[in-house]
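Here my numbering is used: the first residue of the sequence shown is 11, the next is one more, and so on. All residues carry an ideal CB built from backbone N, CA and C; glycine is no exception. On a predicted model such as this, the values are computed, not experimentally measured, just so you know. The structure under discussion appears below in the form of structure tokens.
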Amino acid sequence: MTPPPTATLIRPNSPEARDIAHVLHPYTDLKLHQTVGPMVINHGKGVRVWDEQGKSYIESVAGLWCASLGFDNERLVQAAANQMRKLPFYHSFTAKSHNPAIDLAEMLIERAPVPMSKVFFANSGSEANDTAIKMVWYFNNALGRPAKKKLIGRIKGYHGITLASASLTGLPYNHRSFDVPLPGFVHTITPHFYHGAMEGETEEAFATRCAEELEKLILAEGPDTVAAMWAEPIMGAGGVILPPAGYFPKIQAVLKKYDILFVADEVICGFWRTGNYWGSQTLNIVPDILTCAKALSSSYLPISAVMVNERVFQGLSEESHTIGTFGHGFTYSGHPVPAAVAIETLKIYDETRIGDHIAEVGPYLQSELRRRFADHPLVGEVRGTGLIAAVELVEDKATHRNFEPSRKVGARLVKLCEAHGVIARILPNDSLAFSPPLIISKAEIAEMLDGVEAALVELAAGI
Ligand SMILES: Cc1ncc(COP(=O)(O)O)c(C=O)c1O
Numbered sequence: 011m012t013p014p015p016t017a018t019l020i021r022p023n024s025p026e027a028r029d030i031a032h033v034l035h036p037y038t039d040l041k042l043h044q045t046v047g048p049m050v051i052n053h054g055k056g057v058r059v060w061d062e063q064g065k066s067y068i069e070s071v072a073g074l075w076c077a078s079l080g081f082d083n084e085r086l087v088q089a090a091a092n093q094m095r096k097l098p099f100y101h102s103f104t105a106k107s108h109n110p111a112i113d114l115a116e117m118l119i120e121r122a123p124v125p126m127s128k129v130f131f132a133n134s135g136s137e138a139n140d141t142a143i144k145m146v147w148y149f150n151n152a153l154g155r156p157a158k159k160k161l162i163g164r165i166k167g168y169h170g171i172t173l174a175s176a177s178l179t180g181l182p183y184n185h186r187s188f189d190v191p192l193p194g195f196v197h198t199i200t201p202h203f204y205h206g207a208m209e210g211e212t213e214e215a216f217a218t219r220c221a222e223e224l225e226k227l228i229l230a231e232g233p234d235t236v237a238a239m240w241a242e243p244i245m246g247a248g249g250v251i252l253p254p255a256g257y258f259p260k261i262q263a264v265l266k267k268y269d270i271l272f273v274a275d276e277v278i279c280g281f282w283r284t285g286n287y288w289g290s291q292t293l294n295i296v297p298d299i300l301t302c303a304k305a306l307s308s309s310y311l312p313i314s315a316v317m318v319n320e321r322v323f324q325g326l327s328e329e330s331h332t333i334g335t336f337g338h339g340f341t342y343s344g345h346p347v348p349a350a351v352a353i354e355t356l357k358i359y360d361e362t363r364i365g366d367h368i369a370e371v372g373p374y375l376q377s378e379l380r381r382r383f384a385d386h387p388l389v390g391e392v393r394g395t396g397l398i399a400a401v402e403l404v405e406d407k408a409t410h411r412n413f414e415p416s417r418k419v420g421a422r423l424v425k426l427c428e429a430h431g432v433i434a435r436i437l438p439n440d441s442l443a444f445s446p447p448l449i450i451s452k453a454e455i456a457e458m459l460d461g462v463e464a465a466l467v468e469l470a471a472g473i
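Structure follows, in structure tokens:
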């Protein structure tokens, strides 16, 4: 087995040493970090970033599934600079507005996968989901249904880390020791055929069983107490899990029966990642509310959005009128500078016909992943669509058994990938994620996969 990552020699007063001294990192073993230290990224160009030592890497996950236009888009830089000069800040409280927020809201409504009515802006995916949770509660209060408040997430779903969004998230490390989920949040089963299907079960039958499990949960909780269900079209952080064929229409039929709203979390899947503008289109979803972020601005500046349909808007509108205000909003809701960057991002998607590009490189990524990795003895499943995918490592290919997490096989692969010039991300069940910048070329995909292939050879040799 390849040795675990060891402490590199850290020079006193280097960026690494100062990071160790002062930065508290998200998603990091804080104690281990005190000896291992950070990887300091210095600059970026196209699909690549460079570290402090000058080594370059292809970013196989676009940072955090998000830098969709790569790391040096000059149009986005100019859009930010121009807006900074014109109006560097204004808010949208108490009916104030400005053109970047107005234009962006209009563009999102025009591009929505189903008819949507209004757009609320926030700064992150977590905030967008927290906002949508509060909207769902507000909506049911407006309708005189104060008991209809419970929310359903899915085991392995990811919706963020703020108190309420973390409660919707269904990953153990987001709950453990944080005292979440809050009461009123429940989780239904993960629709992962590879691990979840029973002996002899077809995909269709598995999808039906997922819907039956959801209905059982709703009945056990009491349909009059359940307000909404949240789902990513393709689960991202939980392992790039694509649902079985026919899953969402079956799930949505159950929700409809009990008048339960459906919220599509498009924070990863939105803006062409899955091969269509929205994951909802790829997976046949009709959301009442849609949240998005990340590729909305290519992540050059933080911005997220919540789109609500007319029915939900009418509820919010009536209740706010009764109370006198919709008492929710962030100082930076619709901030003009990220909004201007988002507008430019959406224009670039349209003008460069990025969808046509994904139609070409997406199938190439998917077929190359399968050709190179599907038969590898350490690979259990290769899955994905468009420019999102995962290669899942297993100890036993026949039984689909993963490695013991304590062996940290996935973490070793990530380190080996880095040595081969690829920044990689490992997800639960040792699933190696692929979500490169949308602008990636076929040659860059091949180079990225060469690096991962070489890393896998070394990993296998050490096991
Ligand atoms: C599907 C999904 N929803 C929500 C979030 C949370 O977004 P943020 O990290 O911007 O709060 C993420 C982040 O990765 C995500 O993948």
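Going along the chain, which residues of its own chain have a beta-carbon closer than 7 Å to the beta-carbon of valine 467, five neighbours each way excluded?
none
What are the uninterrupted segments assigned as beta strand (DSSP E) that are 3 or more residues long and contained completely in the stretch 422–470, given in chain order?
435–437 and 441–444
Starting from the C-beta of serine 309, find all residues in its chain whose C-beta is less than 6 Å away, skip the five residues before and the five after it, and write them out in chain order.
Same-chain partners within the cutoff: Cys76 and Ala77.
What does a CB cutoff of less than 6 Å around isoleucine 119 pick up in its chain, not counting 5 residues either side in sequence?
Met126
What number of angstroms, rounded off, separates the C-alpha of asparagine 52 from the C-alpha of glutamate 62?
Spanning the two alpha carbons is a distance of roughly 5 Å.
Which one of Leu153, His197 and Glu137 has the shortest CA to CA distance from leucine 161?
His197
Thinking just about the alpha-carbon of each residue, which of Phe99, Leu114, His410 and Glu211 is nearest to the one in cysteine 302?
Leu114
By DSSP's criteria, phenylalanine 81 is part of a beta bridge. Which residues make up the other side?
In DSSP, phenylalanine 81 forms no bridge with anything.
To the nearest angstrom, how far is it from the Cα of proline 243 to the Cα of valine 46?
Between proline 243 and valine 46, the C-alpha separation is close to 36 Å.
Helix, strand or coil: how does DSSP classify glycine 394 here?
strand
Consider the C-beta atom of histidine 169 and the heavy atoms of ligand 1; say whether any pair is separated by less than 8 Å.
yes
Quick check on DSSP: helix, strand or coil for alanine 132?
strand
Exposed or buried, proline 373, counting other C-beta atoms within 10 Å across all chains shown (16 or more means buried)?
exposed
Grab the span of the alpha helix (DSSP H) containing tryptophan 75 for me, first residue to last.
Unbroken alpha helix (DSSP H) run through tryptophan 75: 72–75.
How would you call glutamine 376, buried or exposed, if buried means at least 16 neighbouring beta carbons within 10 angstroms?
buried
Go ahead and pull the three-state DSSP assignment for threonine 332.
helix
For isoleucine 30 and lysine 159, I'd like the C-alpha separation in whole angstroms.
43 Å
Leaving aside the five residues before and after glutamate 457 along the sequence, list all residues of the same chain whose C-beta is less than 7 Å from its C-beta, in chain order.
Ile68
Would proline 252 pass as a contact of arginine 393 if the rule is Cβ separation under 9 Å?
Reading off the sequence shown, one finds leucine at residue 252, where the question assumed proline. Yes.
Hey, would you say the C-beta of alanine 247 is under 8 Å away from at least one heavy atom of ligand 1?
yes
Please give me, in chain order, every unbroken run of the beta strand (DSSP E) with length at least 3 that falls completely inside the stretch 149–204.
160–164 and 195–198
What do you get for tyrosine 148, buried or exposed, if any count of 16 or more other CB atoms within 10 angstroms of its CB means buried?
buried
What would DSSP say about methionine 245, mapped onto helix, strand or coil?
strand
My guess is that glutamine 262 and valine 296 are in contact by the Cβ rule of under 8 Å, so how many angstroms apart are they, rounded?
6 Å
Here's the rule I'm using: 16 or more other beta-carbon atoms within 10 Å means buried, otherwise exposed. How should isoleucine 455 be labelled?
buried
Return the chain-ordered ranges of every beta strand (DSSP E) run that is complete within the stretch 226–270 and spans a minimum of 3 residues.
Runs found: 236–241.
Check whether the Cβ of aspartate 61 lies closer than 8 Å to any heavy atom of ligand 3, and answer yes or no.
Here the bound small molecules are ligand 1; ligand 3 is not part of this structure.
According to DSSP, is aspartate 298 part of a helix, a strand, or is it coil?
Here aspartate 298 sits in coil by DSSP.
Does DSSP put aspartate 406 in a helix, a strand or coil?
strand
Just the C-alpha distance for phenylalanine 130 and valine 419, rounded to the nearest angstrom, thanks.
Rounded to the nearest angstrom, the two C-alpha atoms are 42 Å apart.
Within the stretch 342–402, note down every full beta strand (DSSP E) run reaching 3 residues or more, in order along the chain.
If we require 3 residues or more, the beta strand (DSSP E) runs fully inside the stretch 342–402 come out as 389–395.
Considering only DSSP beta bridges, list what lysine 55 is partnered with.
Arg58
Can you check which of these residues, Leu265, Phe383, Gly73 and Ala122, is closest to tyrosine 287 by C-alpha distance?
Ala122
Among Leu356, Leu469, Gly80 and Arg382, which has the Cα closest to the Cα of alanine 421?
Leu469
In the DSSP assignment, what residue or residues form a beta bridge with tyrosine 310?
In DSSP, tyrosine 310 forms no bridge with anything.
Which of helix, strand or coil does DSSP assign to phenylalanine 103?
In this structure, phenylalanine 103 counts as helix in the three-state DSSP scheme.
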